[in-house]
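See structure below.
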Amino acid sequence: MTGYHLAQINVGRLRAPVDHPMIADFKDNLGRINALADEQPGFVWRLVGDGGDATDIQPRPEDPLFAINMSVWTDIDALAAFAYRSAHREIMRRRREWFEHTDTYMCLWWVPAGHRPTVEEGMAKLALFEQLGPTAEAFSFKVPFSAPDGQSAAPILDECA
Numbered sequence: 000m001t002g003y004h005l006a007q008i009n010v011g012r013l014r015a016p017v018d019h020p021m022i023a024d025f026k027d028n029l030g031r032i033n034a035l036a037d038e039q040p041g042f043v044w045r046l047v048g049d050g051g052d053a054t055d056i057q058p059r060p061e062d063p064l065f066a067i068n069m070s071v072w073t074d075i076d077a078l079a080a081f082a083y084r085s086a087h088r089e090i091m092r093r094r095r096e097w098f099e100h101t102d103t104y105m106c107l108w109w110v111p112a113g114h115r116p117t118v119e120e121g122m123a124k125l126a127l128f129e130q131l132g133p134t135a136e137a138f139s140f141k142v143p144f145s146a147p148d149g150q151s152a153a154p155i156l157d158e159c160a
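Quick note on numbering that gives the first Met the number 0: the sequence shown kicks off at 0 and runs consecutively.
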C-alpha cells in the first residue's frame, strides 16, 4: 500500500451547450462511462456535481461551455487501463466531435492517499503543466514522475486517435 494516489484532470470547451443535440451522444454516454470508471480496479474518486456527473461544475463561470473532469486512482497503470483499454477509449476517440481542439487538456499529479483535489487545485496543476511541461508537480502519461514515496510510474504510450 502506498501513501500516494494519482489525480488527473481533463478539460475541454464543448462545441455547443451540453443539452444541445450535437453533444447528445457525449451526454448520453456519461452515465455508462462513469459507472465503468467507478467499477475499475484502482478507481478511488471522481468529481461529481449535483447531476451525478461533472457537467454542472463551472470552473470558468464566464465560459459555460468549459467542461471539467477530475478523478483519483491508485496508480498510473489503473488510470491507463481505464482510459486506454476500456470502453472509455471509444468515447475518447470521438472527443473532437464534441470538444474544440486544445493543446493542453489534461495532466496528472500525485496526492496523499485520502486527499480529494479541488477544482481550483486541478486547474492550477493544469496551468502549471501548460506553462512548464512535465514536472514532478504536474505531468503526463508519456512523461510521468514517481510518487513522493518512491512509487514508480512507467510511461504509458497508448494513444487514442
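For each residue, glycine too, the CB sits at the ideal point set by N, CA and C.
Tell me whether the beta-carbon of residue i lies closer than 7 Å to the beta-carbon of residue j.
i: leucine 46; j: alanine 36; result: no
i: glutamate 129; j: threonine 101; result: no
i: valine 43; j: valine 71; result: yes
i: tyrosine 83; j: aspartate 157; result: yes
i: arginine 12; j: phenylalanine 65; result: yes
i: isoleucine 22; j: tryptophan 97; result: yes
i: glycine 50; j: isoleucine 56; result: no
Spatial neighbours of residue i within its chain, please: C-beta separation below 7 Å, excluding the five flanking residues on both sides.
i: arginine 95; result: none
Provide the residue(s) that pair with residue i in DSSP beta bridges, ordered along the chain.
i: valine 110; result: His4
Going by beta carbon distance, what residues of the same chain come within less than 8 Å of residue i, once the five residues before and after it are set aside?
i: isoleucine 75; result: Leu5, Leu107, Phe140, Pro143, Ala152, Ala153, Ile155
In its own chain, which residues sit with a C-beta less than 6 Å from the C-beta of residue i, not counting the 5 before and 5 after it?
i: valine 118; result: Pro58
i: asparagine 68; result: Asn9, Ala53
For the candidate residues the options, whose alpha-carbon lies nearest to that of residue i?
i: phenylalanine 25; options: Pro60, Ala123, Asp148, Met91; result: Met91
i: arginine 14; options: Pro40, Phe138, Pro63; result: Pro63
i: leucine 29; options: Leu125, Ala80, Arg88; result: Arg88
Notebook entry, point to check: Which ranges would you report for the alpha helix (DSSP H) in the region 53-95 if only whole runs of at least 4 residues count?
Noted result: Along the region 53-95, the alpha helix (DSSP H) occurs as fully enclosed runs of 4 or more residues at 75-84, 87-92, listed in sequence order.
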